[in-house]
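Position in the sequence shown (from 1) plus 85 gives the number in our numbering.
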Amino acid sequence: MKIGIDTEYAAEVLTHGGLVGIPTETVYGLAGNATDEHVVKKIFKAKNRPSYDPLIVHLHAVEEVKKYVRDCPDELYDVAHHFWPGPLTILLPKKSTIPDCTTSGSELVGLRVPNHALTLDLLRRIPFPLAAPSANPFSYISPTTAQHVLDQLSDQVDYILDGGPCGIGVESTIVSYLDGKLKIHREGGISREAFESYGIKTWNGTAATMANVPGNFFKHYSPLTPVQIIDAVNEIPVNVHESGLIYFGDSMNVSGFKEVLNISPQGNLNECARNLFGAMRNMDRMNLNCIYIMKFPDREIGRALNDRIERAAVKRKIKST
């Protein structure tokens, strides 16, 4: 298994049915030919991902959309032209060129154009789109560096494109379009404020409509160490000497913890997004009995961050000390 920046070699691997770890602005993906049923099944197997959790398909340009979908409203083309390349996945009715296993039997396929120079160069070198879920074992913390992919999937990938740390650090926003509004199925790298500043009305999907969307399992993005969410540092229990804390903002008295990580001393939500998953991975290696994570403001990308930590914090027994 190789790691590097050789997009020509990566294209060769993919053309011969292999799997490649690819960088994007959101997280690293485990990529393979989205139109080849055999390759798609390899992706599911490599991640131990259930077959009913659909994959997002990556393109190199908006103009590619018509090859793979039956219909796309003009309004969605406008949205795509504005936000692509970028952390936006759009659900559209698929053509038969996308096999059912890629979409887990759904008639809708999630498409996006990633905003990363290496991966866009790779996509231009191949005649097919890439199915690319996050390059990690199913339900674990998403990878934001090539090393994260190497640490966990070195036996499952044929090559890793090393594009450096991910610039956004949280997965794409997933949307569909109905009655003149964007329905947000998953919060992500583009906030509802960003849509609304462009003049687009949004509304949230219901639990039923969000069920068959990537990354929306109740337990997801989860370390092996139990996670607890707190609203403020003063809510922390007294006995935390075997626990870790991930927080942000001004320095404060957080004594008593075994490990402490401040992912943005200035309280910048975009910086928090870039650093959250890496901090969770680091703490998961420290043999802690619990990871406490401070809740983020419910605005902009903070909504996506809260979604991720809430899924990570599905109740599990905390180790006794």
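All residues carry an ideal CB built from backbone N, CA and C; glycine is no exception.
This one's a predicted model, so the numbers in the text were calculated from it and none came from an experiment.
GLY363: not part of any beta strand (DSSP E); member of the alpha helix (DSSP H) spanning 354-369, first to last residue. DSSP places SER282 in the uninterrupted alpha helix (DSSP H) bounded by 277-282. Looking at the backbone, the Cα of GLY102 and that of ARG366 are separated by about 30 Å. Counting only runs of 4 or more residues that sit fully inside the segment 136-194, the alpha helix (DSSP H) segments are 150-153, 159-168, in chain order. Remark: C-beta atoms of TYR262 and PRO158 approach each other more closely than 8 Å. Beta-bridge pairing by DSSP links ALA216 to GLY117, VAL142. Closest in alpha carbon position to ILE321, among VAL339, TYR306, THR310, is VAL339. PRO214 and GLY89 have their C-alpha atoms some 21 Å from each other. Between THR204 and PRO108, the gap from beta carbon to beta carbon is short of 8 Å.
In this structure, ARG197 keeps its C-beta atom at 8 Å or more from the C-beta atom of PRO178.
Along the segment 235-259, the beta strand (DSSP E) occurs as fully enclosed runs of 3 or more residues at 244-246, listed in sequence order. Taking every protein chain shown into account, the CB of HIS123 has fewer than 16 other CB atoms within 10 angstroms, so this residue is exposed. Secondary structure at LEU263: strand, using DSSP grouped into helix, strand and coil. Classified as buried, LEU390 has 16 or more neighbouring CB atoms from the shown chains inside 10 Å of its CB.
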